[in-house]
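Residue numbers (the working numbering), protein chains in the order written: chain A, 440 to 855; chain B, 69 to 318. Presented below is the structure to which this report refers.
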């Protein structure tokens, strides 16, 4: 019976090809939008995730506590990080090698850098040779400083691409030439070891000058020390073994730091732990919200398509009243007639959805190959789209089909 | 249980359209025996079409009883009525009522679709039925590729394919020229003789009526033999062969 009704539905669609296509239009648009948006949204999410793995999802940043935070104690220098905290954490890192890979400081100093007669404002970041393990700072030319250079506080630096261009002129050639040159910061001659590849965005190192932490402290800063606590640090970065130990690492860090900083029991932490998973969550949240919004719009289009189907099915029932009468005279039950029209509506909807998915696949593959994203078609989106379209077809086909089923045989036969 | 295929007793059908209440059938009793060929005749508004729709289970009487092949029809629900139409009745319409998008074979197979007959058996039986009405070479033609007489033969094959108790024909020759009409009537007679099938024909055509075993004559919703002469010029005395229905008394 199902096969028969599918065949009847197909025959009836074929008999009115153009009208059937017009009826499907809403479903076609809805399905193609749904599948392409969900696929591209997923791909974008994957991209964001990969960027973050670049930047290091296996990384935790310790930032100063906010003195204005609710529950913060009143004391001078509240929340600031120092070398004391760094040393306590460094000890923790060596006792937990299964969790932590490395630890590096970030000592940020606002400076004026000079090359010949050109002067620019920049930010010196004093850090460790392991910085590359916790931050995305791929080098375009030259090299990073070594552990030895770090320990002996050599006058060496790695420059962000924009700083390099400000000092030595625009273009890859000028940037490459910068390596080996010397710049003056706070009267100190600093040799350029390498230039970082430009990444763009506010969180990149494009505007920064990276130097060994000791160099920043001894050669450039003068006195950045906090009273009784030593060198002030803008942040401390810890590299983790895997993403899976983030929570464990956070609790170890909290214990260690509260102890090192003598935070009284019951007081809030006077520091902040920033794990990239949080930021990742926020970004993904935004992406999901946008994707979700467009998906809802696509869903509305599908519902509108469903109303189109209902409309055309009501017309079909009226047009085919005699046919319904004949079928009933020949022994079709109400259920047979109901099934026939519901299946016809569902078939329109499903075929529309398949056509829409076809468009979406073409679009998504074209974008994927243009952007070099690989296979990004979302199979769940295809399935959701098909199931939704089927549901719409059945849902909106039911009322017209019920009207057809309830026709009295004699009245249907006499309908002119 | 008698051998009556149709046993209608005191049936009335009233269409109650508010102000205009129409009594289409007024206390009519008719029986049709198995293997009979019966014509139902009468002028417009006589109730002959209404009687046919009641015999065909396309409509239900307002009062009275109707036994179809021994089945008490008043207790049937819509689904059961559909089943009885499918199994016991074969309909033939004046305008053929073939489904235009289906081939002759598919049209004939349709009643078997609703009888849940398997595809292969459906095809075989539909093919045999079309061959029996002389259309073995027109299986895959659509109705618009067939002549009027051929269409009516397809309709007859479709009506017969589930081996019904009654062949119920509403003006079967109305849309055909006289020669084709004769052929169709001859086919009815042949089916009646060879297969003993009961044929009930509603007709305006005196020539058609005269070819039947018996004429049920109606006027104003009641059985009325005078109308036969009045409207059709059929003199019951001239019809040696025709056994006319005696108006029900009481």
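Note that CB positions come from ideal geometry on N, CA and C, so glycine has one too.
Helix, strand or coil: which one does DSSP assign to residue i?
{"i": "residue 134 of chain B", "result": "strand"}
{"i": "residue 609 of chain A", "result": "coil"}
{"i": "residue 308 of chain B", "result": "A caution first: residue 308 of chain B carries a pLDDT of 43, below 50, which makes its placement in the model too unreliable to give a value."}
{"i": "residue 541 of chain A", "result": "strand"}
{"i": "residue 149 of chain B", "result": "helix"}
{"i": "residue 866 of chain A", "result": "Nothing can be reported for residue 866 of chain A: it is not among the residues displayed for chain A, which extend from 440 to 855."}
{"i": "residue 185 of chain B", "result": "coil"}
{"i": "residue 101 of chain B", "result": "strand"}
{"i": "residue 697 of chain A", "result": "helix"}
{"i": "residue 318 of chain B", "result": "In this predicted model, residue 318 of chain B has a pLDDT of only 30, less than 50, meaning its place in the structure is not dependable enough to derive any value."}
{"i": "residue 713 of chain A", "result": "strand"}
{"i": "residue 791 of chain A", "result": "helix"}
{"i": "residue 574 of chain A", "result": "coil"}
{"i": "residue 339 of chain B", "result": "Only positions 69 to 318 of chain B appear in this structure, which leaves residue 339 of chain B out of reach."}
{"i": "residue 666 of chain A", "result": "coil"}
{"i": "residue 558 of chain A", "result": "strand"}
{"i": "residue 206 of chain B", "result": "coil"}
{"i": "residue 635 of chain A", "result": "strand"}
{"i": "residue 446 of chain A", "result": "helix"}
Are the CB atoms of residue i and residue j nearer to each other than 7 Å?
{"i": "residue 760 of chain A", "j": "residue 851 of chain A", "result": "yes"}
{"i": "residue 691 of chain A", "j": "residue 645 of chain A", "result": "no"}
{"i": "residue 221 of chain B", "j": "residue 235 of chain B", "result": "no"}
{"i": "residue 80 of chain B", "j": "residue 131 of chain B", "result": "yes"}
{"i": "residue 779 of chain A", "j": "residue 447 of chain A", "result": "yes"}
{"i": "residue 106 of chain B", "j": "residue 280 of chain B", "result": "yes"}
{"i": "residue 532 of chain A", "j": "residue 580 of chain A", "result": "no"}
{"i": "residue 799 of chain A", "j": "residue 514 of chain A", "result": "no"}
{"i": "residue 197 of chain B", "j": "residue 228 of chain B", "result": "yes"}
{"i": "residue 469 of chain A", "j": "residue 741 of chain A", "result": "yes"}
{"i": "residue 226 of chain B", "j": "residue 176 of chain B", "result": "yes"}
{"i": "residue 472 of chain A", "j": "residue 807 of chain A", "result": "no"}
{"i": "residue 597 of chain A", "j": "residue 633 of chain A", "result": "yes"}
{"i": "residue 459 of chain A", "j": "residue 783 of chain A", "result": "no"}
{"i": "residue 675 of chain A", "j": "residue 525 of chain A", "result": "yes"}
{"i": "residue 98 of chain B", "j": "residue 125 of chain B", "result": "no"}
{"i": "residue 510 of chain A", "j": "residue 707 of chain A", "result": "yes"}
{"i": "residue 770 of chain A", "j": "residue 168 of chain B", "result": "no"}
Between residue i and chain A, is there a C-beta pair that is closer than 7 Å?
{"i": "residue 181 of chain B", "result": "yes"}
{"i": "residue 117 of chain B", "result": "no"}
{"i": "residue 127 of chain B", "result": "yes"}
{"i": "residue 248 of chain B", "result": "no"}
{"i": "residue 334 of chain B", "result": "Coverage of chain B is limited to positions 69 through 318, which leaves residue 334 of chain B absent and any answer about it impossible."}
{"i": "residue 310 of chain B", "result": "The pLDDT assigned to residue 310 of chain B is 47, lower than 50, so where the model puts this residue is not dependable; a value taken from the coordinates is nonetheless given after this. No - not a single Cβ of chain A is within 7 Å of the one on residue 310 of chain B."}
{"i": "residue 178 of chain B", "result": "yes"}
Against chain B, does residue i count as a neighbour if the rule is that its beta carbon must be under 7 Å from one of theirs?
{"i": "residue 783 of chain A", "result": "no"}
{"i": "residue 778 of chain A", "result": "no"}
{"i": "residue 848 of chain A", "result": "yes"}
{"i": "residue 444 of chain A", "result": "no"}
{"i": "residue 484 of chain A", "result": "no"}
Determine the direct distance from the alpha carbon of residue j to that of residue i, and round the result to whole angstroms.
{"i": "residue 133 of chain B", "j": "residue 127 of chain B", "result": "13 Å"}
{"i": "residue 562 of chain A", "j": "residue 647 of chain A", "result": "5 Å"}
{"i": "residue 207 of chain B", "j": "residue 214 of chain B", "result": "11 Å"}
{"i": "residue 650 of chain A", "j": "residue 677 of chain A", "result": "18 Å"}
{"i": "residue 95 of chain B", "j": "residue 238 of chain B", "result": "22 Å"}
{"i": "residue 312 of chain B", "j": "residue 82 of chain B", "result": "Reliability fails at residue 312 of chain B, whose pLDDT of 48 lies under 50, so the model's placement of it is uncertain and the value that follows must be treated cautiously. When rounded, the distance between both Cα atoms is 26 Å."}
{"i": "residue 455 of chain A", "j": "residue 824 of chain A", "result": "25 Å"}
{"i": "residue 191 of chain B", "j": "residue 205 of chain B", "result": "14 Å"}
{"i": "residue 270 of chain B", "j": "residue 289 of chain B", "result": "14 Å"}
{"i": "residue 765 of chain A", "j": "residue 252 of chain B", "result": "21 Å"}
{"i": "residue 775 of chain A", "j": "residue 792 of chain A", "result": "25 Å"}
{"i": "residue 821 of chain A", "j": "residue 478 of chain A", "result": "9 Å"}
{"i": "residue 108 of chain B", "j": "residue 832 of chain A", "result": "46 Å"}
{"i": "residue 804 of chain A", "j": "residue 796 of chain A", "result": "12 Å"}
{"i": "residue 536 of chain A", "j": "residue 528 of chain A", "result": "12 Å"}
{"i": "residue 265 of chain B", "j": "residue 101 of chain B", "result": "10 Å"}
{"i": "residue 680 of chain A", "j": "residue 695 of chain A", "result": "19 Å"}
What does residue i reach in chain D if we use C-beta pairs closer than 9 Å?
{"i": "residue 154 of chain B", "result": "Absent from the structure: chain D. Protein chains present are A and B."}
- What residues from the region 453-465 of chain A come within 7 Å of chain B, judged by C-beta to C-beta, listed N to C? 454
- Please list the residues of the region 750-770 of chain A that have a C-beta atom closer than 9 Å to any C-beta atom in chain B, keeping them in chain order. 761, 762, 764, 765, 766, 767, 768, 769, 770
- Query: Listed from N- to C-terminal order along the chain, which residues in the region 130-151 of chain B have their beta-carbon within a distance smaller than 8 Å of any beta-carbon of chain A?
  - Reply: 146, 147, 150, 151
- Message: Using a Cβ-Cβ cutoff of 7 Å, what residues of the region 158-175 of chain B are near chain A? List them in chain order.
- Response: 159, 165, 167, 169
- Task: With 7 Å as the limit, tell me which residues of the region 181-200 of chain B have their beta carbon closer than that to any beta carbon of chain A; keep them in chain order.
- Result: 181, 182, 183, 184
- Taking a cut of 7 Å between CB atoms, which residues from the region 783-804 of chain A lie near chain B? none
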